[in-house]
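2 protein chains.
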Amino acid sequence: MKTIKIGILGLGTVGTGVARMLEEEKDLISSRLGAELEIAKIADLDIETDRGLTVSRDRLTTDAFSVIDDPDIDIIVELIGGETFAKECFERAIAKGKHIVTANKALIASHGNELFQLAAEQGVDIAFEASVAGCIPIIKTMRETLAGNTIHSLAGIMNGTCNYILTKITCEGASFEDALAQAQENGFAEADPTLDIEGYDTAHKLAILNSLAYGMKINLDDIYVEGITKVTREDIQFAEEFGYRIKLLAIGKRTNGAIEARVHPTMIPMDNLFASVNHSVNAVDVCGSATGDMFLVGKGAGMMPTASAIVSDLVDISRNLISGSGQRVPYLSFRSDRMNDLSILPMDEVITRYYVRFMAKDKPGVLSRISGIFGEYNISIRSVHQKDGGDECCVPLVMLTSMAREKDMRQALADIESLELSKGEAVLIRIEK
Amino acid sequence: MKTIKIGILGLGTVGTGVARMLEEEKDLISSRLGAELEIAKIADLDIETDRGLTVSRDRLTTDAFSVIDDPDIDIIVELIGGETFAKECFERAIAKGKHIVTANKALIASHGNELFQLAAEQGVDIAFEASVAGCIPIIKTMRETLAGNTIHSLAGIMNGTCNYILTKITCEGASFEDALAQAQENGFAEADPTLDIEGYDTAHKLAILNSLAYGMKINLDDIYVEGITKVTREDIQFAEEFGYRIKLLAIGKRTNGAIEARVHPTMIPMDNLFASVNHSVNAVDVCGSATGDMFLVGKGAGMMPTASAIVSDLVDISRNLISGSGQRVPYLSFRSDRMNDLSILPMDEVITRYYVRFMAKDKPGVLSRISGIFGEYNISIRSVHQKDGGDECCVPLVMLTSMAREKDMRQALADIESLELSKGEAVLIRIEK
């Protein structure tokens with residue numbers, strides 16, 4: 001039986017999971033693949049810590065390049081993370097004709113266009129299922145299953161940390177700070193959680209999925225990103241009263257010949273499946289021209305779920321190696337010569353429904369003037385609710401609007417603020433069906 | 001650009017959908033595949049009806065064999081259905097070295113072992129994503145994504161007709177008969193709905209998934225099958241009161257070295273995602289050793305969703321044709337020489353929780369005697385509820401049990417019946433987490 005040799009760069013949580021899976025499921029994998037996947041070398045800065053693996057110590061090295069340069073190795077698993085050294089390793093591996101499997105969403109989102117170009121020139125496969133939504137096979141679904149579908153829209157809960165925090169606040173009434181602290185304690189959040197809670201991690205994933213779905217170049221820069229740090233317990237409670245749940249959603253939607261690309265806290269009706277996706281679980285909805293909505297749910301992070309995605313990519317590339325079918329599926333779903341120049345719709349042009357909460361001045365006529373300003377900008381108000389709380393001068397006022405244009409909404413809010421009809425900044429949460 | 005020639009057998013709803021998709025998404029498909037998929041010939045008994053396709057009439061024939069025998073044709077799409085003529089066509093196509101794409105779950109479930117053996121000998125690909133759960137990529141997920149996972153269990157709502165009927169009864173209080181009639185009016189149920197409502201269609205799909213998940217031969221005969229015809233509005237209402245929803249579930253679960261394989265109405269807790277899968281939508285949950293639960297939801301039937309699965313298989317096989325990588329993935333996930341001899345656990349040995357509804361004699365001591373009999377068979381009762389209704393002699397009595405063995409439950413019910421503690425047959429619905 002043929003042996004495919006694997007080199008792993010980075011023996012952190014996921015790297016250890018991959019090594020463990022290749023050891024524990026050795027028989028299973030060979031009975032499916034018809035070849036053995038052997039860990040030939042592993043590079044990590046720390047090769048002293050015992051990770052409970054059976055791989056012999058002489059296969060461990062602190063020198064990543066020695067793994068990449070090893071002529072016996074067929075596939076490199078890049079689990080270094082970050083964009084600098086990982087990119088160097090990528091480029092070197094491509095130059096050496098090594099196929100690559102990665103979980104590095106930041107690298108693919110920021111440098112994918114360039115790296116896939118290099119890989120194509122060298123005839124090298126790059127697989128990145130683990131970079132988006134953990135074990136959920138959304139990359140394979142986009143690249144293969146939906147091959148005959150024009151994609152209308154996609155949406156996803158793709159950051160476990162944010163979903164964990166929002167679930168804790170929603171279901172247990174925790175404060176944002178406590179929920180974040182718990183997420184960190186339970187290993188669902190990094191010591192520096194900025195990338196997660198500010199929405200950038202989700203944006204990386206959206207940039208990748210948009211490219212796969214719409215045949216556009218990966219475009220991270222034009223994505224609108226708003227994290228969950230301003231979501232309050234109050235807004236979550238109000239949302240529940242109206243029959244909605246707040247989730248950090250990534251949305252990629254075809255609108256008037258452009259693609260909406262936005263990441264922000266979103267109110268979702270309680271009967272939408274997204275509303276039932278809780279804790280650190282991820283979910284992606286894709287709407288194809290033939291399939292209609294397809295909804296995939298699973299663990300979006302963690303040692304073994306991510307390892308599972310890596311191993312499925314290893315098996316895929318190994319099948320290409322065995323049958324000589326390298327680059328069988330285009331990296332980004334579409335052949336590079338058939339990609340289009342779709343651009344991202346400016347956020348100002350996005351049309352959606354809104355939840356707005358003001359601290360409105362508690363004086364006669366204020367509601368009428370606020371409504372008037374909304375009217376001037378063609379924003380219809382579907383309901384108005386004065387809430388308990390507030391202080392001597394102001395009361396919390398919640399409005400739900402009909403479909404309105406982001407630019408109009410922004411200007412209306414600026415007017416309301418400049419006329420001093422409200423105190424502080426209004427809270428704006430977009431509502432999706 | 002290379003052209004792959006397709007022959008379609010059967011121009012019913014799905015066949016028309018496939019032809020339409022290949023026409024309408026021609027550019028999209030070629031920009032993903034790097035080849036054109038051309039409909040070379042279509043066979044159907046009715047070649048007169050106008051189906052709104054642009055395919056020229058001289059490509060239509062009533063002679064299926066002339067399509068199979070056409071030396072120019074690379075891939076046959078079998079959409080004849082049934083097990084007799086379709087099987088003949090399969091065998092002839094394999095003999096002629098044609099690759100085959102099918103939606104025929106009955107054929108694969110009943111004759112797959114034999115057909116895959118023939119196909120292997122001829123080096124022919126057979127793809128059947130459309131045979132289970134419509135556009136949901138569960139076959140690909142089993143065969144490829146989960147390559148490194150030992151599967152612990154799978155479960156699915158895989159019959160749109162049944163789910164539509166149960167949803168109508170649950171959400172609108174319809175009777176079974178009215179719900180079925182509506183399903184037929186809306187095209188969700190066949191004129192003869194037996195295969196659907198008696199659970200056999202779901203069993204076909206379970207037989208296929210069990211083989212893919214566990215590496216066992218396809219085994220349809222040993223699956224326990226119970227349809228939805230005995231589910232009453234009352235039981236659905238009682239279930240809702242206890243916080244459960246009733247769904248026709250297919251369950252394939254690893255238990256003590258064997259595989260549970262059963263299709264029956266199942267009570268599912270309201271917070272389980274399955275409980276929110278309504279109307280004709282399908283859903284499959286797979287629990288892998290590394291992934292944990294993965295949950296896929298989508299349209300399980302209908303013209304375009306099924307066509308989408310067929311086209312994704314056409315693209316897959318075309319990629320094999322282009323890169324010369326035929327039989328790249330084993331038909332049934334596992335290489336034929338590495339399949340195991342796992343068998344199906346006899347239904348008597350299955351352990352689960354139960355909902356039991358009796359018409360119990362309205363006499364003192366009856367409850368105590370019934371409880372006593374359950375006790376004799378080691379069945380713990382978690383709660384007892386006397387319901388309104390009944391007649392001069394009997395009252396509806398609902399019991400929810402702890403985990404119990406099917407055989408014990410059956411014997412307890414037989415004892416209760418023979419002692420005339422209740423009237424008529426007890427209603428038994430299994431409860432899953």
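Just so you know, the sequences run in chain order L and C.
Residues in the first sequence are numbered from 1 upward in steps of one, following UniProt numbering.
Residues in the second sequence are numbered from 1 upward in steps of one, following UniProt numbering.
Just so it is clear, CB atoms sit at the ideal spot from N, CA and C, and this is done for glycine as well.
Can you find a CB in chain D that lies within less than 9 Å of the CB of residue i?
{"i": "V329/L", "result": "Checking the listed chains, one finds no chain D in this structure; the protein chains it contains are L and C."}
Would residue i pass as an interface residue toward chain C - the criterion being a Cβ-Cβ separation below 9 Å?
{"i": "P137/L", "result": "yes"}
{"i": "S175/L", "result": "no"}
{"i": "L79/L", "result": "no"}
{"i": "M267/L", "result": "no"}
{"i": "G326/L", "result": "yes"}
{"i": "T145/L", "result": "yes"}
If residue i and residue j are in contact, beta carbons under 8 Å, what's the gap, nearest whole angstrom?
{"i": "D221/C", "j": "N159/C", "result": "Actually they do not touch by this definition, with Cβ atoms about 19 Å apart."}
{"i": "Q327/C", "j": "D125/C", "result": "6 Å"}
{"i": "I68/L", "j": "V55/L", "result": "So it is not a contact: roughly 18 Å between Cβ atoms."}
{"i": "G199/C", "j": "E226/C", "result": "6 Å"}
{"i": "A189/L", "j": "L180/L", "result": "6 Å"}
{"i": "V297/C", "j": "A283/C", "result": "4 Å"}
{"i": "K205/C", "j": "V281/C", "result": "With a Cβ gap of about 15 Å, K205/C and V281/C do not count as contacting."}
{"i": "Y214/C", "j": "I431/C", "result": "With a Cβ gap of about 24 Å, Y214/C and I431/C do not count as contacting."}
How many Å lie between residue i and residue j at the Cα?
{"i": "G81/C", "j": "A103/C", "result": "8 Å"}
{"i": "A155/L", "j": "C393/C", "result": "57 Å"}
{"i": "V277/C", "j": "Q122/L", "result": "46 Å"}
{"i": "residue 456/C", "j": "K299/C", "result": "Limits of chain C in this structure are 1 at one end and 433 at the other, which puts residue 456/C out of reach."}
{"i": "G324/C", "j": "Y224/C", "result": "41 Å"}
{"i": "D27/C", "j": "S308/C", "result": "15 Å"}
{"i": "V427/L", "j": "F358/L", "result": "7 Å"}
{"i": "D391/L", "j": "K361/L", "result": "10 Å"}
{"i": "I165/C", "j": "T3/C", "result": "44 Å"}
{"i": "D415/C", "j": "Q386/C", "result": "20 Å"}
{"i": "P265/C", "j": "V231/C", "result": "8 Å"}
{"i": "I379/C", "j": "M403/C", "result": "7 Å"}
{"i": "K5/C", "j": "F176/C", "result": "46 Å"}
{"i": "I94/C", "j": "I100/C", "result": "8 Å"}
{"i": "D63/C", "j": "S312/C", "result": "26 Å"}
{"i": "T291/L", "j": "Y354/L", "result": "29 Å"}
Count the other C-beta atoms from every protein chain shown that fall within 10 angstroms of the C-beta of residue i, then say buried if there are 16 or more, exposed otherwise.
{"i": "R57/L", "result": "exposed"}
{"i": "I171/L", "result": "Note that residue 171/L is Cys in the sequence shown here, rather than Ile. The residue is exposed, with fewer than 16 neighbouring Cβ atoms inside 10 Å."}
{"i": "M1/C", "result": "exposed"}
{"i": "A119/L", "result": "buried"}
{"i": "E260/C", "result": "buried"}
{"i": "T306/L", "result": "buried"}
{"i": "G52/L", "result": "exposed"}
{"i": "N256/C", "result": "exposed"}
{"i": "V384/C", "result": "exposed"}
{"i": "P71/C", "result": "exposed"}
{"i": "L367/L", "result": "buried"}
{"i": "E114/L", "result": "exposed"}
When the cut-off is 9 Å and only beta carbons count, does residue i lie next to chain L?
{"i": "K299/C", "result": "yes"}
{"i": "Y25/C", "result": "According to the sequence shown, residue 25/C is Glu rather than Tyr. At least one chain L Cβ lies under 9 Å of E25/C."}
{"i": "D271/C", "result": "yes"}
{"i": "T401/C", "result": "no"}
{"i": "residue 482/C", "result": "Because chain C spans 1 through 433 in this model, residue 482/C falls outside it and cannot be assessed."}
{"i": "R405/C", "result": "no"}
{"i": "G7/C", "result": "no"}
{"i": "E172/C", "result": "no"}
{"i": "residue 508/C", "result": "Chain C is shown only over 1 to 433; residue 508/C falls outside these bounds and no answer can be derived."}
{"i": "N256/C", "result": "no"}
*Residues in the segment 333–366 of chain C having any Cβ partner in chain L nearer than 7 Å*: S333, F334, R335 and R338
*Using a Cβ-Cβ cut-off of less than 8 Å, give me the residues of the segment 283–295 of chain L that come near chain C, in sequence order.*
Only those residues of the segment 283–295 of chain L whose C-beta falls short of 8 Å from the nearest C-beta of chain C are listed: G288, S289, A290, T291, G292, D293, M294 and F295.
*asked:* Residues of the segment 147–169 of chain C in Cβ contact with chain L at a cutoff of 8 Å, in chain order, please.
replied: A147, G148, N149 and T150
*May I ask you to list, following chain order, the residues of the segment 104–132 of chain L that have a beta carbon less than 7 Å from some beta carbon of chain C?*
None of the residues of the segment 104–132 of chain L has a beta carbon lying less than 7 Å from any beta carbon of chain C.
_the segment 236–251 of chain C: positions lying closer than 7 Å to chain L by Cβ_ = none
*Identify each residue in the segment 300–318 of chain L for which the Cβ-Cβ distance to at least one residue of chain C is less than 7 Å, and report them in chain order.*
Near chain C, meaning a CB-to-CB distance below 7 Å, the residues of the segment 300–318 of chain L are M304, P305, A307, S308, V311, S312, V315 and D316.
_Within 9 Å of chain C by C-beta, residues of the segment 199–226 of chain L in sequence order_ = G215
*Members of the segment 49–76 of chain L that neighbour chain C once the beta carbon cut-off is set at 8 Å*: none
*Along the segment 33–50 of chain C, what residues have a CB closer than 8 Å to any CB found in chain L?*
Within the segment 33–50 of chain C, the residues whose Cβ lies closer than 8 Å to some Cβ of chain L are L33 and G34, listed in chain order.
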